[in-house]
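There are 2 protein chains.
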Amino acid sequence: MKSLNKITIIGVGLIGGSFAKGLKDAGLVKTVMGFGQDESSLRKAIELGVIDEFSTDMQTAVVDSDLILLAVPLGVMEAVLEEMKPYLRQGTIITDAGSAKSSVITSAIKVFGQLPEFFVPGHPIAGKEKSGVTAADPALYLKHRVILTPTEHTNADAVQLVTELWQVLGANVEVMSAEQHDDIFAATSHLPHLLAFSLVDLLNEHPELGNVFPYTAGGFRDFTRIASSDATMWRDIALTNSTAIVKWLKNYQASIAALTELVETQQGEQLFKLFEDAKSTRDRHIGH
Amino acid sequence: MKSLNKITIIGVGLIGGSFAKGLKDAGLVKTVMGFGQDESSLRKAIELGVIDEFSTDMQTAVVDSDLILLAVPLGVMEAVLEEMKPYLRQGTIITDAGSAKSSVITSAIKVFGQLPEFFVPGHPIAGKEKSGVTAADPALYLKHRVILTPTEHTNADAVQLVTELWQVLGANVEVMSAEQHDDIFAATSHLPHLLAFSLVDLLNEHPELGNVFPYTAGGFRDFTRIASSDATMWRDIALTNSTAIVKWLKNYQASIAALTELVETQQGEQLFKLFEDAKSTRDRHIGH
């Protein structure tokens, strides 16, 4: 693939920093520019070899950039696009790493009047316990999935370039519609996160139980691990992917209501079948 | 503590086998007798030094025993008590390892007409991925909690002896009522298990999604790990602790309905507060 003169990472944390470092290590980019608000964190990013330069000024950061990665919370995507709009030249490719895609597209349409031809919405399915640039790791995306959700108006060369950059980092790139992406991740990621937050919230100093956490064991620890996720990020996901999330929350409520009925009416055979099917499904598809 | 002449383990799997091996290793018991149906597994238990002798005949197994541990599925507790009833001598202490306690007490009352003075209901909070006697481990209960739920009619010396045996294995013994036990474990263990089974069941080949499991990541794997638990055991728990489980399923349904409302009406501040409270609660009480 062709080498790039300048790419800009908006938000140099775990996600943006790992993308930056991977491309720098691959020697494909002349200058990796970081943009952010926290100067000390950006200085740290230079020390760690994650970026070459940084600016806290948007114009300096994006001018003449070949590609801009938005690795910022979903809640500020629109404001960031608005801020960079005056400084974008024709042909600069923009991509992002947001966990909800329809809302990012809606934001871009609001800011630009239509979805820019060179905007390639994306979502790398990767993460770590730790966050921040000190956790940035060029191998973060290795063998991980990256979903791109271009529309029929998206420039094919732009999609191709973004695909190749993720592939350089070892990722498996898959293309689907934003709607399909949002539905799948509402069901498989957003729903369980909300369920885990909700269980911890329900049991926290419940008047009938007091502090029950000392009685929990490994199963509870695993089940609720995702309830230790960042509250700002999950508020943003809940608000931006709300349609799909509400749909799956309601589907799940119906499942729980049916299960409650089975327990209440002592349907041993049906309970066994449900548990056995779930177990064999999980063992087959997920494993340990 | 005084040494015992004979103890009997009914069901020599992970739970019963670990108890047996720990007491044998401590040299406190002259004969550890195993009872079960699977002779090859019982032979294996002798080979592994878990038990000294075995019998598939209940009379031989329990006659003249000082203490009997019932480490069998909840669904067969009553039948096992019925089977051993004719061979019990006055003073033989019976304890069990079932995850629901009111139902075990109810079974004992059905079989004996009242809860026998020497019956000490118990629940060791320990487990492993692996099951069966080959996984038996004398350190399984080390620093784990064991809940005993005697009633006011239970003989105090019997409670004391059962307590001391668990303490020999390094466990922390706690006494509470069967009702309180069942309520706490319905909320902290039975509820999350049923929620995990239910999520896998909902997403298994859902007509709108097809096979979504390839899109799941570590969060989903952790959240659903307990859905790989044994279906027979969980059917028995769902059936025997149904009152408390139904109560907590309904409490949880109300929580999810409220959360759905927050997402649907875009209540960002309240969502943030719920997630942040849950995260800080979990970080404080559970940690990684």
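Heads up: the protein sequence lines correspond to chains A and B, in order. Throughout the first sequence, residue numbering follows the working numbering, covering 209 to 496 in sequence. Throughout the second sequence, residue numbering follows the working numbering, covering 209 to 496 in sequence. No residue lacks a Cβ here, since even glycine has one placed at the ideal position from N, Cα and C. Bear in mind the structure is a predicted one, so any value in this text is a computation, not a measurement.
Give the residues of chain B in contact with residue i, contact being defined as C-beta atoms less than 8 Å apart.
i, result
"A/Asp391", "Glu416 and Leu417"
"A/Glu484", "Ala439"
"A/Asn412", "Asp485, Ala486 and Thr489"
Kindly list, in the order they appear in chain A, the residues whose Cβ is closer than 7 Å to that of residue i.
i, result
"B/Arg490", "Val408, Thr432, Ala435 and Ser436"
"B/Leu350", "None at all; the shortest Cβ gap to chain A is about 14 Å."
"B/Phe405", "Leu482, Phe483 and Ala486"
"B/Arg251", "Residues of chain A passing the Cβ test: none, with the nearest at roughly 29 Å."
List, in order along the chain, the chain B residues whose C-beta lies closer than 7 Å to that of residue i?
i, result
"A/Arg429", "Ile494"
"A/Leu402", "Leu467"
Am I right that residue i and residue j are in contact with their C-beta atoms under 8 Å? What's the rounded C-beta distance?
i, j, result
"B/Ile218", "B/Val258", "Rounded, the Cβ-Cβ distance is 14 Å, inconsistent with contact."
"B/Lys229", "B/Ala344", "5 Å"
"B/Val341", "B/Pro329", "Not quite, the Cβ-Cβ distance comes to about 24 Å (not below 8 Å), so this is no contact."
"B/Pro400", "A/Phe428", "6 Å"
"A/Gly326", "A/Ala366", "First, the amino acid is wrong: residue 326 of chain A is Phe here, not Gly. Contact flag correct, Cβ pair sits at about 5 Å."
"A/Asp304", "A/Met292", "Wrong, their Cβ atoms sit about 12 Å apart, outside the cutoff."
"A/Lys487", "B/Ala435", "6 Å"
"B/Ala512", "A/Phe431", "Any answer about residue 512 of chain B is impossible in this case: the structure gives chain B only from 209 up to 496."
"A/Leu236", "A/Val381", "No, A/Leu236 and A/Val381 are not in contact; Cβ-Cβ is about 16 Å, not under 8 Å."
"B/Thr396", "A/Tyr423", "5 Å"
"B/Ala364", "B/Asn449", "27 Å between Cβ atoms; not a contact."
"A/Ser406", "B/Ile464", "6 Å"
"B/Gly242", "B/Phe262", "4 Å"
"A/Val270", "A/Leu296", "6 Å"
"A/Ile333", "A/His352", "6 Å"
Just to make sure I have the definition right: I need the residues of chain A whose C-beta is within less than 8 Å of the C-beta of residue i. Which are they?
i, result
"B/Glu202", "Because chain B in this structure spans residues 209 to 496, residue 202 of chain B falls outside the shown range and cannot be described."
"B/Gln461", "Gln461, Ile464, Ala465 and Thr468"
"B/Val420", "Ile392, Ala395 and Thr396"
"B/Leu457", "Ile464, Leu467, Thr468 and Val471"
"B/Phe480", "Ala439, Thr440 and Arg443"
"B/Ile333", "Tyr423 and Ala425"
Which chain A residues are close to residue i, counting only those with a beta carbon under 9 Å from its beta carbon?
i, result
"B/Gly476", "Gly283, Arg443, Asp444, Ala446 and Leu447"
"B/Ser397", "Tyr423, Thr424, Ala425, Gly427 and Phe428"
Taking Cβ positions only, does residue i come closer than 7 Å to chain C?
i, result
"A/Glu469", "Given the protein chain composition of this structure (A and B), no chain C is represented."
> Closer than 8 Å, Cβ to any Cβ of chain A: which residues of the stretch 254-276 of chain B, in chain order?
Replying inline: none
> If we count Cβ pairs, one from each stretch, closer than 8 Å, do we get three or more for the stretch 470-488 of chain A versus the stretch 453-460 of chain B?
Replying inline: yes
> Can you list, in chain order, the residues of the stretch 357-376 of chain A whose Cβ is nearer than 9 Å to any Cβ on chain B?
Replying inline: none
> Quick one: any contact between the stretch 354-367 of chain B and the stretch 384-393 of chain B, if contact means 3 or more CB pairs under 8 Å?
Replying inline: yes
> Quick one: complete beta strand (DSSP E) runs, 3+ long, within the stretch 293-343 of chain B?
Replying inline: 301-304 and 330-332
> Which residues, taken in chain order from the stretch 233-248 of chain B, show a beta carbon closer than 9 Å to some beta carbon of chain A?
Replying inline: none
> At a Cβ cut of 7 Å, what residues of the stretch 289-315 of chain A count as close to chain B, listed as they run along the chain?
Replying inline: none
> Unbroken alpha helix (DSSP H) runs of length 4 or more, entirely within the stretch 217-263 of chain B: which are they?
Replying inline: 222-234 and 247-255
> Between the stretch 476-494 of chain A and the stretch 435-444 of chain B, do at least 3 Cβ pairs fall closer than 8 Å?
Replying inline: yes
>> List, from N- to C-terminal side, the beta strand (DSSP E) runs of 3 residues or more that fit wholly inside the stretch 363-409 of chain A.
In response: 380-383
> Would the stretch 400-420 of chain A and the stretch 269-278 of chain A be scored as touching if the rule is three or more Cβ pairs under 8 Å?
Replying inline: no
> What alpha helix (DSSP H) runs, 4 residues minimum, are completely inside the stretch 432-466 of chain B?
Replying inline: 439-448
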